[in-house]
Each structure stands twice: as structure tokens, then as C-alpha cells.
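Remarks on the structure that follows.
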């Protein structure tokens, strides 16, 4: 049982408060709680700028010290601040699982959540000003969407060689260090894996070793398959799911 779970009941038959809440009430002052909530909010915003997940153990170490048992209670209060003041919320990433041949690369509502979080906007897309629709990394976001779409139409996984062949057709050549939009192409592709948007795994056949890619845990919470395909068709109306499949077979 984790420090945030409690299956017992109160003596009067009423549900008991979560263990984290009871620990907070017994061991922390109001000022302590306010300070930890503010620090967790700051830490979450800071860590998101680096495009890496907020890890539970690291957050406890930097924000709460010896009071890690109150993490769930502090997190729930920080979520209120993040939603009300910043229009974002922390969402748990699914655990990276070992995948067999029949495993899925796209979101599965039965997947177990882990102990890592990322910030996602809760502001409806159509309420954002035009200037906020694309951030400074819009080119890289577009490239990532293309790769995620290719994974979808190739059966939820794509081999390294097939991916690189298609990217070359788009004028994105792995190994190129001075691409006009992406600069170092290999570094951009590596960053997608580093930040959890793609997962790669080694495959070995009778012919040679290869790698294949699937959606990573961050992609699973930030993107919906239907939105990825819609995005591709929006920026390039001539592209359809069928044409993407055909391109992969050429």
C-alpha cells in the first residue's frame, strides 16, 4: 500500500481522509503547506520548460524534504493553482512497458500510470489567440506529428529504415546538420526519444539488426491519434491516410 492509499474506515462509519491528508494535518502548519504548494507549482513550471517529466521522487526531494508522505495532498492543492492561474494541469505518464509483437503503440485507457507527470493545457484550442496556436518549436512539432502519423498508418510501429526513407522524401535527411528549419536533424530526432515522444526498441532478424519506433508515453498523453491525422491533412490537404500508407510502401 502506498503512502497515499488507505483502505480503512473511520470509527463512525464515514470514509477516512487519505493518508496524505491526515499526515499533512498532523505534521504541517498552514504556512508549511502554502510554501510547499507554491514551490511545487514553480518546480512543475520550471521542469516543463526543459521538456522533461516531473518525477515524484525528485519533486519530494526538492520541495518537501522529509514530508514526502504528504505528497498527494500537496499535489492536489498545486493542481488547483496550476488550473486556476496558468490553465494547465499535471497529467501522469503511462509506465514504459516492455512490448511484445502484439502490443499497442497508441493510448490504452487500461495502461497503468507511473510516477512521472507532464503539464498539459486545459484551455480549449479554439479559445487560444492565433499567436498562441504555434509555439517557437512549431516546425519540430509538425515533424513530430508526421512521424506519429506514419507510426499509426504502419500498424502502430515503424522500422528505422522505413522512417528514414520517408523523411528523406520530405527533404529531411538524417545526418544533415544544417537543415534550414531543423538544424541538426539527428539531434531533433534524438530529442523526440529523449523527451518521451517516441520509444525505440532493437529488433534482430536473420538479415540484420534494426530499430523500430512506437509512440512514447508523452505522446500518448499529449496527442490523440485522430487529431494527429487531422493535423496532417489540415496542413497538407492532399495528404490522406491512404496516401501515407502508399508512400511507406513505395
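Numbering (our numbering), first residue to last: 12 to 261. C-beta: ideal position from N, C-alpha, C; glycine also. Being a predicted model, the structure only gives us computed values, none of them experimental.
Is it buried or exposed for residue i, if we count other Cβ within 10 angstroms and need 16 for buried?
{"i": "residue 235", "result": "exposed"}
{"i": "residue 205", "result": "exposed"}
{"i": "residue 105", "result": "buried"}
{"i": "residue 140", "result": "Residue confidence for residue 140 is low, a pLDDT of 43 falling below 50, so the modelled location carries little weight and cannot support an answer."}
{"i": "residue 223", "result": "buried"}
{"i": "residue 229", "result": "buried"}
{"i": "residue 91", "result": "exposed"}
{"i": "residue 198", "result": "exposed"}
{"i": "residue 156", "result": "buried"}
{"i": "residue 37", "result": "exposed"}
{"i": "residue 181", "result": "exposed"}
Can you give me the start and stop residues for the alpha helix (DSSP H) that residue i sits inside?
{"i": "residue 77", "result": "Counting along the chain, residue 77 falls outside any alpha helix (DSSP H), and DSSP gives it neither H nor E."}
{"i": "residue 176", "result": "171 to 180"}
{"i": "residue 204", "result": "196 to 205"}
{"i": "residue 133", "result": "Looking at the DSSP string, residue 133 is not in any alpha helix (DSSP H), and its letter there is neither H nor E."}
{"i": "residue 83", "result": "82 to 92"}
{"i": "residue 228", "result": "228 to 233"}
{"i": "residue 49", "result": "41 to 60"}
Looking at C-alpha atoms only, which residue of the options is the closest neighbour of residue i?
{"i": "residue 95", "options": "52, 64, 59", "result": "52"}
{"i": "residue 98", "options": "77, 86, 132", "result": "132"}
{"i": "residue 240", "options": "66, 50, 194, 160", "result": "160"}
{"i": "residue 57", "options": "130, 27, 221", "result": "130"}
{"i": "residue 203", "options": "173, 225, 71, 221", "result": "225"}
{"i": "residue 170", "options": "209, 127, 153, 196", "result": "209"}
{"i": "residue 231", "options": "43, 207, 213", "result": "207"}
Taking residue i as part of the beta strand (DSSP E), name the residues at either end of that continuous run.
{"i": "residue 96", "result": "No beta strand (DSSP E) holds residue 96; DSSP gives it neither H nor E."}
Name the one or two DSSP bridge partners that residue i has.
{"i": "residue 222", "result": "213"}
{"i": "residue 103", "result": "128"}
{"i": "residue 65", "result": "128"}
{"i": "residue 191", "result": "None; residue 191 has no bridge partner."}
Consider the C-beta atom of residue i and the heavy atoms of the ligand NAD; say whether any pair is separated by less than 7 Å.
{"i": "residue 199", "result": "For the structure depicted, the ligand NAD is absent and the ligand set is empty, with no information on it obtainable."}
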